[in-house]
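Taken in sequence, the protein lines are chains R and Z. Quick note on numbering: the numbering used here labels position 130 of the first sequence as 161, and the sequence is numbered without any gaps. Quick note on numbering: the numbering used here labels position 233 of the second sequence as 1505, and the sequence is numbered without any gaps. Think of the CB as a built atom: it goes at the ideal place given N, C-alpha and C, for glycine as much as any other residue.
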Amino acid sequence: MNKKIISLTKVLLKNSFQRYNENNKKTSKIGKILLYAVLVVYLIGIFGFLSYGLITTLQQVQQEAMFIGVFLLGLALLTIIQSIISVTNVFYFSKDLEYILPLPLKPNEILISKLNVILVTEYVMELLFAVAPITAYGILTSAGVMFYIISLLVLIIFPIIPILIATFIIMIIMSFSKGVKNKDRFRLIAPLLGIILALVLSFSLSGTSEITDEELINAITQANSMVEMISDKLPIIKPAINAIVNSDFIEFLKLLGITAIIYIAFILIGNKLYFRGAVGNLSSGSKKGKNITTKDIRNSSVGKSYVAKEFKMLFKNPIFFVQCVLPSVLMPVVFLGIFIVSISSNNSQESIKQFQNVIGSFIETPIGLAIVLSITEFLTSMLYIAPTAISRDGQNAIFMKYIPVSYYKQLIYKGIPSVVFGTITSIIVIGFVYVIAAPSVLFLLTVLILNLVLLILQTILMELVDLKKPKLEWSTEYAVVKQNLNLLWPFVLNLLEIGIIFIVTIPLSFANYLIIALVILVLHIIITYFVNKYVYKNQDKLFDKIN
Amino acid sequence: MININNVSKSYVKGKKSVDALNLEIKDGEIFGFLGPNGAGKTTTIKMITGILNSDEGNILIDGKDIKKEGISAKKNIGFVPDTPDIFLKLKGIEYLNFMGDIYEVPTDIRKTRIEELTKKFEIFDNLNEEMQSYSHGMRQKIVICGALLSNPKNWILDEPMTGLDPKASFDLKEMMRKHAKEGNCVFFSTHVLEVAEKLCDRVGIINKGKLIFVGTFEDMKAKLKDNGSLEELFLEITQDE
Ligand SMILES: Nc1ncnc2c1ncn2[C@@H]1O[C@H](COP(=O)(O)OP(=O)(O)OP(=O)(O)O)[C@@H](O)[C@H]1O
Ligand SMILES: [Mg+2]
């Protein structure tokens, strides 16, 4: 790699992890590091624990190698989905191209640097999601040093092709954006289109490897042969599995070779594709509109109008939409996708039914309810509407202070989009639960209502977090969502919520789930009532920081 | 009518950005607020409009305390901030409708006001475009239109002429005169002395947080001759332009 690429990569990385120029006190720095550390340990712990459970179960039928297959498939899919979002941001949304293009750089140097940025982000993700499962596998199969070395090498090379796939998908979509009139809206749906495309692709790929029941039984009887069935979906999966499972260096070289060939091919075509789409995208000027008519001037109530404005500001700003809304709405869809792909390609109809029966009998219990609630809590912790409610307005935040609408009301209006999108997430999860477990309508309704109550409390608390430390001095929207420590709070809070849910559930686990639901409901209504009262009484003080 | 009684504000402890300010802007009056950069003009205006809380003193808008009866006081204020970059993702018409809803302007009045104001400022044809495509002056114009839509009694404008072309500037001045003549109150900050001279019934000069002069422009000219420090200040203000 030449020097230019390295230094450009560094600059781009710094830019995308740009800090605020806030007064970084030492204590807050230590607190920050501590918080990150706790988070990392927590995540690694969870994934380690899950992997441990899965591997030991598979070991009982001597299928533990299948774990690596499922793990790599999941990793590939997760990388693709994640990259689709970060590629749209890094390649197309960020304004740096305006500064980079005039520099004496070759197009492929820019392209490679940008790919490097994505790659680094994916490595960070691997650190969180991949290290623990691989280590668990190594320990449980009492593997030697070679296993860890080769696994490390595989993890370094493995994400490249998924990233290229994601980049390619987005580049294709973006190259159509030239003729599109409303560029902002197009940019907003581009990652959505990309993810749908990726899912469709993986569906159709899995469809080609249909298996009959007999083959399935045969396969199960032969140890480790289930791995083979997954492998033909992506050319890199098989060598990667073989390299890790058998600590086979030759297989790793195969993986490296395939990756290298595809990478070079990609750089050759990517060049043209990228600069055609990107340069066309630089000018996002809105179209010249028609003149307004008297119909365009219309009345609505203060509340309606305010909420409508909040939605418009979210929808019209692709960065905010992609970062604050999309993850929590998309993740359940992605999980659903992964789940259906892996179920439908590996199981017969009957075994799916059996599976449904097992879960179905278990779902309408206190523990079942607690698990479903925890899943939605986990997903809505990625909903960043409320913790950025004030910060997203930036310098316009003072608007809230000079209009004749009480701060308390404005907080409620600003919270509504958060509750609405959280409810969408919750409905997706409920649909998911319905498909796999088919519980009663009463159960689904209970989940919906409890989620709503949890969401309302979460929204108010997160708005308070934002009010406490708003980020108003920004010139690019990125500053609001990148390196914003406030955004750890939804995660922390929802973790706490999950804890509370289980604390309530476990001692009452013998009872009907409706009793648990009632306890959670009443508990949250009481807490919400007091928080609400606090906000109402202290609204003037709470808004002191905004001026 | 705006009453500012003994108001002080410090952002940093020990350094008063506005120091024991007393002012009364009567109905029917155009009041110009002058002073060099960093004198405390914007800070004062932010306190009048309720954006900032004063440390000491109180501010009354038509007799209503901006701190204690904020909502009803704010209903009588039309405010134009010093930066016009507001909600740029909205279309012009969306912004105006939004302001109309917030200040509860009835539809028929809204229709005539929007047409009248935007046609006067020549941005009527751009109302269906997002404000991010507007030039600086056009943004200034739409913010002014938004602030004046509900025809509030008290106009408070922070450097409203910056970025306006001569015609728009002239029109705005005309509107201010008309508004004052109808028995309302106009308070604005500016660096442009000619504007202050031709437009204002009275001017106030603030420097380093302290009000050092209040009166008519003629009074000021008279005072300039026998007050050296004021003359220096005058130079400082004029040099800003
Ligand atoms: N947010 C803030 N934090 C700390 N100090 C501030 C802040 N805003 C203003 N100041 C200080 O308060 C003083 C008055 O500032 P202000 O903005 O009121 O000046 P101004 O008269 O409006 O100036 P200009 O003509 O440049 O607009 C200045 O010394 C400024 O440094
Ligand atoms: Mg100012």
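Listed along the chain, the chain Z residues whose CB falls inside 8 Å of the CB of V436/R are I1343, I1374. Looking at V365/R, Y444/R, M202/R, T87/R, the one whose alpha-carbon comes closest to that of S336/R is Y444/R. Per DSSP, the unbroken beta strand (DSSP E) holding C1457/Z starts and ends at 1457–1461. The three-state secondary structure of F1442/Z, taken from DSSP, is helix.
Looking at T1321/Z, I1358/Z, F1460/Z, H1451/Z, the one whose alpha-carbon comes closest to that of E1402/Z is I1358/Z. At least one heavy atom of ligand 2 sits closer than 6 Å to the Cβ of D1354/Z. According to the DSSP assignment, F533/R belongs to the alpha helix (DSSP H) that extends over 520–536. Bounds of the alpha helix (DSSP H) holding I455/R are 438–468. By the neighbour-count criterion, in which 16 or more other beta carbons inside 10 Å mark a residue as buried, Y1375/Z falls on the buried side.
Counting of Cβ neighbours within 10 angstroms places I187/R among the exposed residues, the total staying below 16. At least one heavy atom of ligand 1 falls within 6 Å of the beta-carbon of G1312/Z.
The C-beta separation of I194/R from L146/R comes to about 7 Å, placing the pair in contact by the 8 Å criterion. The secondary-structure analysis by DSSP pairs S1280/Z across a beta bridge with E1328/Z. Per the coordinates, the alpha-carbon of R1474/Z lies some 10 Å from the alpha-carbon of K1298/Z. Look at the region 415–435 of chain R: the residues with a C-beta under 7 Å from a C-beta of chain Z are Q426, N427, I429, F430, K432, Y433, I434, P435.
A Cβ-Cβ distance of about 13 Å is found for the pair I149/R and Y294/R, leaving them out of contact under the 8 Å criterion. Secondary structure at I416/R: coil, using DSSP grouped into helix, strand and coil.
Non-local beta-carbon contacts of M1371/Z in its own chain, meaning distances under 6 Å to residues more than five positions away in sequence, involve G1418, L1421 in chain order. At a cut-off of 7 Å between beta-carbon atoms, V176/R makes no contact with chain Z. Considering only beta carbons, the part of the region 1393–1427 of chain Z lying closer than 9 Å to chain R consists of F1396, D1397, N1398, L1399, N1400, E1401, E1402, Q1404, S1405, in chain order. Any Cβ of chain R closer than 7 Å to the Cβ of R1385/Z would place that residue at the interface, and such an atom is absent.
When DSSP reads this structure, D1430/Z sits in a beta bridge with S1461/Z. Under the Cβ distance rule, T1315/Z does not count among the residues neighbouring chain R, no pair being separated by less than 7 Å. Rounded to whole angstroms, the gap between the alpha carbons of V511/R and G1364/Z is 25 Å. At a cut-off of 7 Å between beta-carbon atoms, I328/R makes contact with chain Z.
The Cβ-Cβ distance between P164/R and S82/R falls below 7 Å. Under DSSP, no beta-bridge partner is assigned to L43/R. A residue is called buried when at least 16 other Cβ atoms come within 10 angstroms of its Cβ; F561/R does not meet this threshold and is exposed. In the three-state scheme derived from DSSP, where H, G and I count as helix and E and B as strand, E129/R is classed as helix. Counting the other Cβ atoms within 10 Å of the Cβ of Y1406/Z gives 16 or more, which makes it buried.
Within its own chain, the residues whose Cβ lies closer than 6 Å to the Cβ of L1360/Z, once the five positions on either side in sequence are excluded, are M1403, Q1404, listed in chain order.
The count of Cβ pairs closer than 8 Å, one atom from the region 1457–1464 of chain Z and one from the region 1307–1326 of chain Z, reaches three, so the stretches are in contact.
Sixteen is the threshold: since fewer than 16 other Cβ atoms of the shown chains lie within 10 Å of the Cβ of F393/R, the residue is exposed. Looking at the DSSP output, I1274/Z bridges to I1297/Z, I1333/Z. By the criterion of a C-beta distance shorter than 7 Å, T407/R is surrounded in its chain by T456, S457, V460, N482, once the five residues flanking it on both sides are discounted.
In the three-state reduction of the DSSP assignment, K564/R falls in the helix class, which pools H, G and I.
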